[in-house]
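Novice: Mind having a look at this structure? Questions to follow.
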Amino acid sequence: MYICKYCNNKAVINYFILREMMFGLRDEFEYVECANCNSIQIVEIPSNLAKYYPPNYLSFELKHENKLKNWLKLKRFDNSYTAKGLIGKIVKKIWWAPPIGDFLRIANIRLTDAILDVGSGEGELLFLMHQYGFSNLSGIDPFICGSKNPFKGLNFFKGSIQDVNEKYDLIMFNHSLEHVADPIKDLLKAATLLNPNKYVLIRIPVVGGYAWRTYGVNWVQLDAPRHLSIPTVTGIRELAALTGFSLDKVIYESWDFQFWGSEQFQNDIPLHDNRSLWFKSKESIFSKKQIKDYKKKAKQLNQNNDGDMACFFLRKL
Ligand SMILES: [Zn+2]
Numbered sequence: 552m553y554i555c556k557y558c559n560n561k562a563v564i565n566y567f568i569l570r571e572m573m574f575g576l577r578d579e580f581e582y583v584e585c586a587n588c589n590s591i592q593i594v595e596i597p598s599n600l601a602k603y604y605p606p607n608y609l610s611f612e613l614k615h616e617n618k619l620k621n622w623l624k625l626k627r628f629d630n631s632y633t634a635k636g637l638i639g640k641i642v643k644k645i646w647w648a649p650p651i652g653d654f655l656r657i658a659n660i661r662l663t664d665a666i667l668d669v670g671s672g673e674g675e676l677l678f679l680m681h682q683y684g685f686s687n688l689s690g691i692d693p694f695i696c697g698s699k700n701p702f703k704g705l706n707f708f709k710g711s712i713q714d715v716n717e718k719y720d721l722i723m724f725n726h727s728l729e730h731v732a733d734p735i736k737d738l739l740k741a742a743t744l745l746n747p748n749k750y751v752l753i754r755i756p757v758v759g760g761y762a763w764r765t766y767g768v769n770w771v772q773l774d775a776p777r778h779l780s781i782p783t784v785t786g787i788r789e790l791a792a793l794t795g796f797s798l799d800k801v802i803y804e805s806w807d808f809q810f811w812g813s814e815q816f817q818n819d820i821p822l823h824d825n826r827s828l829w830f831k832s833k834e835s836i837f838s839k840k841q842i843k844d845y846k847k848k849a850k851q852l853n854q855n856n857d858g859d860m861a862c863f864f865l866r867k868l
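Residue numbers for the sequence shown follow the numbering used here, so the first one is 552 and each next one is one higher.
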């Protein structure tokens, strides 16, 4: 029987067939839309889900970058986290990154706070935060190779949030909640792990924005079958209410990917393809002018709360 993963409603208003298009397998999956909150979810979780997380899946490729690049990244993060620093400001302008430092600053997170990243992959974000000076970081992921403590103050565990028992000052779901079987169960668990008045940050694609309305089943963020569900803002609000949180703030953080990724899918070009912009292909179907326009449009959509990805601030009540 269908039950919405965000609001527990049992009525459906729409069915869709989505295709696997990251790797271009084109396997088909049935999804439904909730009649109450309009979030969408897969009808049946594939029993062979691991097939769709091959070794070259993006969150498991840790990039080894040179020292200068790394230093520039730290400067950029510093500008985002402190809202100060000229070099970081310049780097941010020419070399875009998700504004995670902004989210940490807005949530009043200090360097010594205990932070858990759920679905950390191999931990690119946590490595950066550790280098910056955060001293109590943990990452958990069902698909990593095993428990690792690469540095003092940085730990990784294999598993799900259900396996965690420590207390935290911040729990982040960085593009991971859309991959779990039961978001309500995982948020209930997060509530037991958080110290009072602290935040869960959920960074996730959002159904209902411009890209969804424009591209429909070709919207790149649907990412079947890895994204088992994708919420609307209403869906996250219902989820917060069901699990003991207040939804305090929503910040949109979509980028040009929503346009070129979806345009590629409309033209039957997977993300992993020799014409794909994902690999900065010279054979891409887009002109420089188009990409520039997509970047501008993404900024406008974020300002109008109409982008296809957002960061949700859920405060523990
Ligand atoms: Zn719902």
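For each residue, glycine too, the CB sits at the ideal point set by N, CA and C. The structure displayed is predicted, hence computed values, not measured ones.
#1: CA-CA distance, D692 and F864?
#2: May I have a chain-ordered list of the alpha helix (DSSP H) segments no shorter than 4 residues that lie completely inside the segment 675-741?
#3: Rounding to the nearest angstrom, what Cα-Cα distance links Y750 and K699 in this structure?
#4: Run through the DSSP bridge pairs and tell me what I591 is partnered with.
#5: Can you list every residue whose CB sits closer than 6 Å to some heavy atom of ligand 1, going in chain order?
#6: Residues bridged to L745 by DSSP?
#7: Which of the three DSSP states is assigned to A861 in this structure?
#8: Should A732 go down as buried or exposed, given a rule of 16 or more other Cβ atoms within 10 Å for buried?
#9: Alpha carbon to alpha carbon, how far is K643 from D629?
#10: Using a Cβ distance threshold of 8 Å, determine whether the segment 820-831 contacts the segment 707-722, with at least three qualifying pairs required.
#11: What does the alpha-carbon distance come out to for the pair W770 and W763?
#12: Do three or more CB pairs link the segment 776-783 to the segment 803-818 at distances below 8 Å?
#13: Work out the CA separation of Y604 and F707 for me, nearest whole Å.
#14: Looking at L679 and K635, is the spacing between their C-beta atoms short of 8 Å?
#15: On a Cα-Cα basis, can you pick out the residue from L752, W647 and L744 that is closest to K847?
#16: Could you name the residues that DSSP lists as bridge partners for L752?
#17: Taking the C-alpha atoms as reference points, what is the distance between I755 and K618?
#18: Tell whether a beta-carbon distance below 8 Å holds between M759 and N565.
#19: So, with DSSP's three-state summary, where would you put R627?
#20: Anyone know if the C-beta pair for W811 and F830 falls short of 8 Å?
#21: V563 and E584: beta carbons closer than 8 Å?
#22: Three or more C-beta pairs closer than 8 Å, one from the segment 716-728 and one from the segment 667-675: is that the case here?
#23: Excluding the 5 residues preceding and the 5 following M860 in the sequence, name in chain order all residues of the same chain whose CB lies nearer than 6 Å to its CB.
#24: Counting C-beta neighbours from all protein chains within 10 Å, is the total for C696 16 or more, i.e. buried, or is it exposed?
#25: Less than 6 Å between C-beta atoms, sequence neighbours within five positions excluded: which residues of the same chain meet that for Q772?
Specialist: Checking against the coordinates, here is how it stands:
#1: Rounded to whole angstroms, the gap between the alpha carbons of D692 and F864 is 21 Å.
#2: 675-683
#3: So the two alpha carbons sit approximately 26 Å from each other.
#4: E584 and I781
#5: C555, Y557, C558, N560, C585, N587, C588, S590 and G786
#6: Y719
#7: Reduced to three states, the DSSP call for A861 is strand.
#8: exposed
#9: 10 Å
#10: no
#11: C-alpha separation (whole angstroms): 6 Å.
#12: no
#13: 19 Å
#14: no
#15: W647
#16: M723 and F864
#17: 30 Å
#18: The sequence shown places Gly at residue 759, not Met. Not closer than 8 Å, so no.
#19: helix
#20: The answer is no: Cβ separation not under 8 Å.
#21: In this structure, V563 places its C-beta atom within 8 Å of the C-beta atom of E584.
#22: yes
#23: Same-chain partners within the cutoff: P756, E804 and S805.
#24: That one is exposed.
#25: P756 and D859
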